[in-house]
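Asker: Here you go, one structure.
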Amino acid sequence: MDALVLCFCLALGLIHTTEEKVLRRGRVPPHIVFVMVDDQGYNDIGYHGSEIHTPVLDQLAGEGVKLENYYVQPICSPTRSQLMTGRYQIHTGLQHSIIRARQPLCLPSDIPTLPERLRQAGYSTHMVGKWHLGFCRPECLPTSRGFQSFLGSLTGSGDHFSFQSCDGTEACGFDLHDGNRPAWELSGNYSTRLYTERVKEILRGHDQRTPLFLYVALQAVHTPLQAPGHLLRRYQTLGNRPRRHYAAMVSGVDESVGEIVSELRERGYYNKSVLIYSSDNGGQPLSGGCNWPLRGGKGSYWEGGVRAVGFVHSPLLKRKRVVSQALIHISDWYPTLLSLAGYRDSDSSHLDGQDVWGAISSGLPCPRTEILFNIDPVSRRHGEVDPRLLNVNGFGIWDTGVRAAIRAGDWKLLTGNVGDGDWFPPQTMPGGPQQWQGMEKRRDQRGKSVWLFNVTADPYERADLAEARPEVVKVLLARLAEYNRTAVPPRNPPDDPMADPQLHGGVWTPWLGQEEAGDEGVDEEPDNTNRKARSKSTCRVCKLRALFKKVGNRMQRAALFL
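Residues -20 to -1, 1 to 542 (mature numbering (1 follows the signal peptide of the UniProt record, and there is no 0)) make up the sequence shown, in order.
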């Protein structure tokens, strides 16, 4: 085809070059930076009226789009799993609680992750910070689920300086990994500072002709409450020690995000970048967090547990300096970011998330109208059935003893044990034995199993309308039943004693799949039978060690009460 014919065909739209397709879409794939903060409460940011100083976050949010109808899950792993997969917990088998360090469980391998899809779209993908999505097998690790590099922790929490992490009192080990190896040499650095420096290294070394996805999952402000001295000194006047340390950690996050944005500007990324900031769940009032005036906190399905701090900052936004009331859920980032990347997900029919970029950037009607927070059948003890909870409270539609929550339009329905429903006013924070005397106690949880709120008119969940509006209750109970018919069985295996770090050099690391991996090297040892026999013998010795340690720990605890 000569040049004249080619130009004629292009003019008529008969063929399209790659460049023209990009231009027709109206954008080049942006660099994406997703900052996930751990346990930051609704009232723990300056622009929500907090006493904690967050000038950088306030400015970035003020210049971008504040998400004021934005929801996550009440605890760590569920939020992170829905970010990575775009699917509700009922569709991944992770309906119950977090993934514990010794639990042989991780993200389902047959469900594609956000970084895996972004790599298919031509992105370079890097993760810094907390994973908390399982690591029992090597194929569960971040570097096996789409990230080209990883510096961070695999478990749910740990010391911010030594990176020692404990699961209960029985199993403790080192949890800082650079790629797939323990990064012993980095111990002693403050986690927020360490992760910020790694982000800057990535930005300095990246070829900007390739779009970049950076997932920055900071360990702060999760317990233990630790911060460098220069941050603590800013809050000397705060009387409550947990709140003082918590505030210092939030200020550390503020500084970190500021340094990342400065690096984006200095290195030329900024004008082609999208920054998303999100907490993973509500704050924990007993550990310094504050969700006032919302009800409840981390671990609950009240607004204080699931309505999150979130904003988007980007020069690519069509609307800036606005507050968005669009209903947005953590699962929406999966299809939204893939759409920004130019990837058309062939599995979109299996997603629970919605592409909400038009609602955020342009103020278009939001495609999301309801959120299933969760249905947790494990919350119901086996064989524990109360006919009244189904036939009376649940109108024969739904067993209201099951822990579940849903929002549809203005309405929010909760059933079962949905967590502590107290309000924690900021003035209750000073230290001393009287610190909780002013706390507003819940009055509507005793003996109840169904609550209904109009959270648009009553975002603080003070007026339960379950008895006044039974017709709305019935509709939402029916929606729960419909969702439940699509649920996969929950996966909640017991802890595995073989996960104990003391059996693996003092490090939290994958403990399953080692024998299978070893079997691949058959050619290296002719006597395969002897090698397998030794492997099984070693495995039995490890199990005996774990058993003896478990028994010993139980005997020690029992001795304390003699």
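Don't be surprised by glycine CBs; every beta carbon is placed ideally from N, CA and C.
The structure displayed is predicted, hence computed values, not measured ones.
Taking only three categories from DSSP, how would you classify residue 27?
Answerer: helix
Asker: For residue 332, count the other beta carbons within 10 Å of its own beta carbon; 16 or more makes it buried, fewer makes it exposed. Which is it?
Answerer: buried
Asker: Beta-carbon separation of residue 44 and residue 293 under 8 Å?
Answerer: A contact, by the Cβ cut-off of 8 Å.
Asker: Tell me which residues share the same chain as residue 175 and place their Cβ nearer than 8 Å to its Cβ, disregarding the 5 neighbours each side in the sequence.
Answerer: These residues qualify, in order along the chain: 108, 109, 131, 132, 196, 198, 199 and 236.
Asker: Mind reading off the beta-carbon distance from residue 136 to residue 112? Whole number of angstroms is fine, and I expect it under 8 Å.
Answerer: For a cut-off of 8 Å, the C-beta gap from residue 136 to residue 112 is around 5 Å, short enough to register as a contact.
Asker: Using three-state DSSP, classify residue 508 as helix, strand or coil.
Answerer: Residue placement at residue 508 is flagged as unreliable, the pLDDT there being 39, under the threshold of 50; the coordinate-derived value follows with that caveat. DSSP, read as helix, strand or coil, puts residue 508 in helix.
Asker: Quick one: what does DSSP say residue 56 is sitting in, helix, strand or coil?
Answerer: helix
Asker: Could you tell me whether any non-hydrogen atom of the ligand NAD is closer than 7 Å to the CB of residue 162?
Answerer: Ligands displayed in this structure: none; no statement on the ligand NAD is therefore possible.
Asker: Assuming residue 100 is part of the alpha helix (DSSP H), what are its boundary residues?
Answerer: 94 to 100
Asker: Go through its chain and collect everything with a Cβ distance to residue 394's Cβ below 7 Å, but skip five positions before and after it.
Answerer: 281, 385 and 431
Asker: Using only the alpha-carbon positions, how far apart do residue 476 and residue 341 sit?
Answerer: 46 Å
Asker: In whole angstroms, what is the alpha-carbon distance linking residue 412 and residue 219?
Answerer: Only weak support exists for where residue 412 lies, its pLDDT of 45 falling under 50; the value from the coordinates is given anyway. Across the structure, residue 412 and residue 219 are spaced so that their CA atoms are roughly 9 Å apart.
Asker: Are residue 12 and residue 317 close, meaning C-beta to C-beta below 8 Å?
Answerer: yes
Asker: Are the beta-carbon atoms of residue 296 and residue 348 separated by less than 8 Å?
Answerer: No. Outside cutoff.
Asker: Please report the Cβ distance between residue 116 and residue 492, rounded to the nearest whole angstrom; I am assuming they are in contact, meaning their Cβ atoms lie under 8 Å.
Answerer: 5 Å
Asker: Looking at residue 52 and residue 288, is the spacing between their C-beta atoms short of 8 Å?
Answerer: yes
Asker: Given this structure, state the Cα-to-Cα distance separating residue 86 from residue 134, to the nearest angstrom.
Answerer: 11 Å
Asker: Suppose you measure from the CA of residue 441 to the CA of residue 38; what does that come to, to the nearest Å?
Answerer: 27 Å
Asker: On the CB-based measure, 16 or more other CB atoms within 10 Å of its CB, does residue 8 come out buried or exposed?
Answerer: exposed
Asker: Might you give, ordered along the chain, the residues of its own chain that have their beta carbon closer than 7 Å to the beta carbon of residue 264, omitting 5 neighbours on each side?
Answerer: Here the set comprises 19, 277 and 278.
Asker: Hey, how far is the Cα of residue 125 from the Cα of residue 95?
Answerer: 7 Å
Asker: Enumerate in chain order the residues of its own chain whose CB-to-CB distance from residue 436 is below 6 Å, with the five nearest sequence positions on each side excluded.
Answerer: 390
Asker: For residue 446, which of 473, 375 and 40 has the nearest alpha-carbon?
Answerer: 375
Asker: In the DSSP assignment, find the beta strand (DSSP E) that holds residue 454 and state where it starts and stops.
Answerer: Element bounds for residue 454: not the beta strand (DSSP E) but the alpha helix (DSSP H), 450 to 464.
Asker: May I ask you to list the residues that DSSP assigns as paired with residue 434?
Answerer: 391
Asker: Could you name the residues of the same chain whose beta carbon sits closer than 6 Å to that of residue 64, not counting the 5 residues immediately before and after it, in chain order?
Answerer: 93 and 94
Asker: Consider the Cβ of residue 255: report whether some Cβ of chain C lies at a distance smaller than 8 Å.
Answerer: Among the chains of the structure shown, chain C does not appear; only one protein chain is present.
Asker: Spatial neighbours of residue 62 within its chain, please: C-beta separation below 6 Å, excluding the five flanking residues on both sides.
Answerer: Same-chain partners within the cutoff: 310 and 311.
Asker: So, with DSSP's three-state summary, where would you put residue 385?
Answerer: strand
Asker: Which of the three DSSP states is assigned to residue 21 in this structure?
Answerer: DSSP, reduced to helix, strand and coil, places residue 21 outside both helices and strands of the structure shown, so it counts as coil.
Asker: Between which residues of its own chain and residue 141 is the CB-CB distance below 8 Å, once the five residues before and five after are set aside?
Answerer: 167, 168, 169, 170, 171 and 206
Asker: Have a look at residue 47 and residue 290 and give me their C-alpha separation to the nearest angstrom.
Answerer: 5 Å
Asker: Name, in chain order, the residues that DSSP records as bridge partners for residue 70.
Answerer: Looking at the DSSP assignment, residue 70 forms no beta bridge with any residue, so it has no partner.
Asker: For residue 350, does the three-state DSSP call read helix, strand or coil?
Answerer: strand
Asker: Considering only DSSP beta bridges, list what residue 305 is partnered with.
Answerer: As computed with DSSP, residue 305 is found in no beta bridge at all.
Asker: Taking only runs of the alpha helix (DSSP H) that begin and end inside the stretch 205 to 293, which ones reach a length of at least 4 residues, in chain order?
Answerer: 209 to 212, 221 to 246 and 283 to 286
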